[in-house]
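Protein chains in written order, with my numbering: chain L, 1 to 347; chain A, 348 to 694; chain B, 695 to 1041. Step one of this worksheet: look at the structure below.
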Amino acid sequence: MKFTLQQLAGLLNGRVEGDDTKIVDKLGKIDETTLDQEGAVCFLANPKYESFIYQTKATAVIVSETFVPKHPISSNLIWVKDAYSAFTTLLEQYEAITKAQYFAKKIGIENPSFVSPKAQLGENIYVGAFAYIGENTKIGKNVKIYPQSYIGENVEIGDNSIIYAGVKIYQDCKIGQNCTLHAGVVIGAEGFGFAPQPDGSYKNIPQLGNVILEDNVNIGANTTIDRATIGATIIGKGTKIDNLVQVGHNVEIGKNTVIASQVGIAGSAKIGDNCMLGGQVGISGHISIANGSKFAGQSGLNNNITTPNKSWFGSPVLEYKEFLKSYVIFKQLPDLKKRVEDLEKKE
Amino acid sequence: MKFTLQQLAGLLNGRVEGDDTKIVDKLGKIDETTLDQEGAVCFLANPKYESFIYQTKATAVIVSETFVPKHPISSNLIWVKDAYSAFTTLLEQYEAITKAQYFAKKIGIENPSFVSPKAQLGENIYVGAFAYIGENTKIGKNVKIYPQSYIGENVEIGDNSIIYAGVKIYQDCKIGQNCTLHAGVVIGAEGFGFAPQPDGSYKNIPQLGNVILEDNVNIGANTTIDRATIGATIIGKGTKIDNLVQVGHNVEIGKNTVIASQVGIAGSAKIGDNCMLGGQVGISGHISIANGSKFAGQSGLNNNITTPNKSWFGSPVLEYKEFLKSYVIFKQLPDLKKRVEDLEKKE
Amino acid sequence: MKFTLQQLAGLLNGRVEGDDTKIVDKLGKIDETTLDQEGAVCFLANPKYESFIYQTKATAVIVSETFVPKHPISSNLIWVKDAYSAFTTLLEQYEAITKAQYFAKKIGIENPSFVSPKAQLGENIYVGAFAYIGENTKIGKNVKIYPQSYIGENVEIGDNSIIYAGVKIYQDCKIGQNCTLHAGVVIGAEGFGFAPQPDGSYKNIPQLGNVILEDNVNIGANTTIDRATIGATIIGKGTKIDNLVQVGHNVEIGKNTVIASQVGIAGSAKIGDNCMLGGQVGISGHISIANGSKFAGQSGLNNNITTPNKSWFGSPVLEYKEFLKSYVIFKQLPDLKKRVEDLEKKE
């Protein structure tokens, strides 16, 4: 990939400030000021990184129309409407080329692998070495199943989905189209249900349901999604889940919800559409959460949220701004206590 | 599985209110009010779900004797002593049939697998494809070892235990009878011990012990239990551990303790019998916890608990009710501060 | 391993109090007072365990010069400058013998395994059964790759590194020398980046970078480290990471930093050298943390830390002592509120 800045500006609907005959051939990071950045094109979108634009030695920086420089900049600039989406466009073009090359080789069935004679395989799939595909399982077309994955019995995987190395999918689970499951994901392990017995021990409660991932779902590395006791644990269309997340049995998550790393969602919780859960958030069981709810990292929720589109923080959660107001005073508590003592002395 | 309601009531020691000749052939969820529920039998145990009983189109609902309807119910009812345990009984009957069919096929050694000629295999076991069984390892009878599991050298696995796909058990660890280890579990990785050196670097402290799971232990998907520095990390009989839990080196957990997802237990902590740890609880190292202690989700503990059977909340933990009392006032802190300011002005 | 106490004291530069002809042949734990401890040598370093030295039946206990017994001790004592490092020395000697025996067998390539003909393998390596090594990948000398590991295309692994069972390394990542990756680790999965679309759905942002582990890095079981969007996610030399930790895309961690279990580090955070992060700590994205920072367990950070060598606690974090001061009063809030009410009544 080699472009003159003029070509690049054309591609991005932007305009060059500086030498538009210069050539760039790689993507760079604006805060990488020590490495050789000759030939690199970076972008400035997050204001936190503004100071780097005055130091970078990158050949070009993509900036938004709204940006107003405070100091001189030695790099050439490409002014665009929105620097972040312009850069994303570039990444996509670059990925389209590199992924096409990479995936072109991921076709066919490597040996040894274990494919049940009763499994149904779609056209144009990849099955890596040491992968296991059980009885009555249906794999759609263009699906990639990486080495050492386990796909149990009676599973369905929709067209164009990617199952990375070492994913484990228990029997009866359904994966939609265009899903991506990263390495080490476990789908359909038994939910955590135990009935206490009179002698203090616990008896397993059978977990007879399954897991359904709708289309366009992404699941991060080593995340676990348990099968339902009865019915299905459901992840709605377009929902994106990060690494090391726990989704308990019978949970239902809506569409286009984004769940960051290490979130834990206990059994039978229902989460609406278009929600955002920050890292390490904890959701208690049997809770219902309205559409568009947002949770700051490490928040803990143990009650229903019925009003949509609000932001929450703390454990247990308060409304985001209320939590911050209280927390400001939490920091001042030693002073506040002293002031109460002073008042008492004056009585 | 097809029953008339009369047959079902007989099985559950209950009585039918409605048409006892109706037939049910599947288990349903009471809060699933949109799907076709013809032929479904649900149960109502959690009062949170009461409103659904007035809407459900399920053929029958199992209810407890103590339930008093507030509105008319269109479904047939089966009154029993305890709806939850009656439903569990049903699940078990259903599972007994379906699991028997499922496990009937999980017998024998699939190819290719790697079994050391010095390993000892019990009768009637299943070894899935791509499983690895190391030297001097002893596998009890009726054990199921799913594909892509790794059982290192000198491991023991007791009778009737189930090792799901991709479990990794390091050398020298001992798994009891009737244990279940879900996919992706790691048993016996080296504990996190490093001795600081004068130059600021760290030297690994050798981890020479092992992990012992006693009988009837369940371990959830992708949970990790580290081997002891010396001696053993021990999980007591009947203890149930959920997904993505971390158990550090030399931890000792008692019997019939229940540990929810994403709990972290640091090295050398000792947890008693019959404890309950909510999701994402953190336990510091070298801590001792009395029998019957209960922790709300996200609690953090950095001191011994010597009085048994108490409930705890917060980080660091307070007694459950004390935490809630303080937290109520935390929410009011901006108001409380203003009241102190008002008092000061009046001075 | 059999030593007289005299021999042991010689090895540790210590002196025996008691019968120096007694023989020890195993390492014991001082708090293990019920098992047979005949022939065991323990150590006392953590003052929390002092009470056990008056009860232990171990043949010998290693104690520091500074220790002053409060009661009679029945075991023989070995007095040394520092009991902990003396014991570590013993462990190392013991491990040197046992590991040498254990690893002596981990040489060669087990069958079946999958090694690309275009991969380059160093001398003296171990490749376990069902391991996968992709195209153009370079494995250094003395490297051990355990069964069921996946090493993608164009990966480099430095000399003497150990890749335990079931580790997954995506294409293009670089692992330094003398690194240890425990079972279930995932290196190089795609970072969690999604661009919101006008219809509420999300589009994947390509993740084109890689992961670089410098030399002497340890990674605990089931930890996940995502590849960078562009450039590299970097783990500095000598840094030690525990189990189930999440490291997001484009994170950079310095040298000799220690990160306990279940910590989550969001994308583009930069963590300095010689930091210590307690268990379950959460670090927000695009944050920068000064060298030598320490975080108590469960702390949450959403702002830069620019002053080095400070300790932090709480979520969001305060300076360690400030948090404790405020938390003491948090516990007293019901009382403080009542005092304000009393003052108001007196107005």
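Note that beta-carbon positions come from the ideal geometry of N, C-alpha and C, so glycine has one too. Computed from a prediction, not measured in an experiment: that's the story for all the values here.
Note that the C-beta distance between G942(B) and I959(B) is below 8 Å. Close to G200(L), with beta-carbon spacing below 9 Å, are these residues of chain A in chain order: G585, K602, N603, D620 and N621.
For G619(A) against N603(A), the beta-carbon gap comes to about 10 Å, at or over 8 Å, which does not count as contact. At a cut-off of 8 Å between beta carbons, T792(B) contacts chain A. In chain A, no part has a C-beta under 7 Å from the C-beta of L213(L); the shortest such distance is about 16 Å.
Of the residues assessed, F450(A) falls on the exposed side of the cut-off, its CB having fewer than 16 other CB atoms within 10 angstroms. Excluding its 5 nearest sequence neighbours in each direction, G279(L) has C-beta neighbours in its own chain below 6 Å: A260, S261, Q262 and G297, listed in chain order. Between Y150(L) and I169(L), the beta carbon gap of about 7 Å places them in contact (Cβ cut-off 8 Å). Where F746(B) is concerned, the enclosing alpha helix (DSSP H) starts and stops at E744 to I747. Around K2(L), the same chain offers I23 and D25 as residues with beta carbons nearer than 7 Å, after the five sequence neighbours per side are excluded. Here N507(A) has G487, K488, N489, V490, Q524 and N525 as same chain residues with Cβ atoms under 8 Å from its own Cβ, once five neighbours each way along the sequence are excluded.
Residue range T571 to D573 is occupied by the beta strand (DSSP E) that includes D573(A).
Where E439(A) is concerned, the enclosing alpha helix (DSSP H) starts and stops at A430 to A451. Taking 8 Å as the threshold, the shortest C-beta distance from S261(L) to chain A does not fall below it. Under the DSSP assignment, K2(L) falls outside any beta strand (DSSP E); it carries neither an H nor an E label. Under the Cβ distance rule, F989(B) does not count among the residues neighbouring chain L, no pair being separated by less than 8 Å. Around the beta carbon of Q246(L), 16 or more other beta carbons lie within 10 angstroms, which makes this residue buried. The C-beta of I234(L) comes no closer than 8 Å to any C-beta of chain A. At a cut-off of 8 Å, the C-beta of K417(A) has no neighbouring C-beta in chain B. Looking at the DSSP output, R362(A) sits in a beta bridge with W426(A). Each residue's CA atom was taken as its position, placing F1017(B) and G166(L) some 43 Å apart.
Excluding its 5 nearest sequence neighbours in each direction, I636(A) has C-beta neighbours in its own chain below 8 Å: A616, K617, I618, G619, C622, I630, L648, N651 and I652, listed in chain order. The straight-line gap separating the alpha-carbon atoms of K685(A) and Y327(L) is approximately 15 Å. Contact between the region 876–896 of chain B and the region 921–930 of chain B is present: 3 or more CB-CB pairs across the two stretches fall below 8 Å. Taking the CA atoms as reference points, I756(B) sits about 5 Å from I772(B). The alpha carbon of G903(B) has as its nearest neighbour, out of N944(B), P811(B) and N912(B), the alpha carbon of N944(B). When DSSP states are grouped into helix, strand and coil, E319(L) belongs to the strand group. Per DSSP, P196(L) is one residue of the beta strand (DSSP E) stretching across F194 to P196.
Contact between the region 734–742 of chain B and the region 752–766 of chain B is present, with at least three C-beta pairs closer than 8 Å. Exposed is the label assigned to E1041(B), since fewer than 16 other Cβ atoms lie within 10 Å of its Cβ.
Here A777(B) has F737, L738, A739, I756, V757 and S758 as same chain residues with Cβ atoms under 7 Å from its own Cβ, once five neighbours each way along the sequence are excluded.
Secondary-structure assignment with DSSP links T715(B) through no beta bridge to anything. In this structure, N222(L) places its C-beta atom within 8 Å of the C-beta atom of L244(L). Where K931(B) is concerned, there is no enclosing beta strand (DSSP E), because DSSP gives it neither an H nor an E. Contact with chain B is absent for Q55(L), since none of that chain's Cβ atoms lies less than 8 Å from the residue's Cβ.
Against chain B, the beta carbon of A183(L) has neighbours under 8 Å at Y844, K862, Y864, V880 and A883, listed in chain order.
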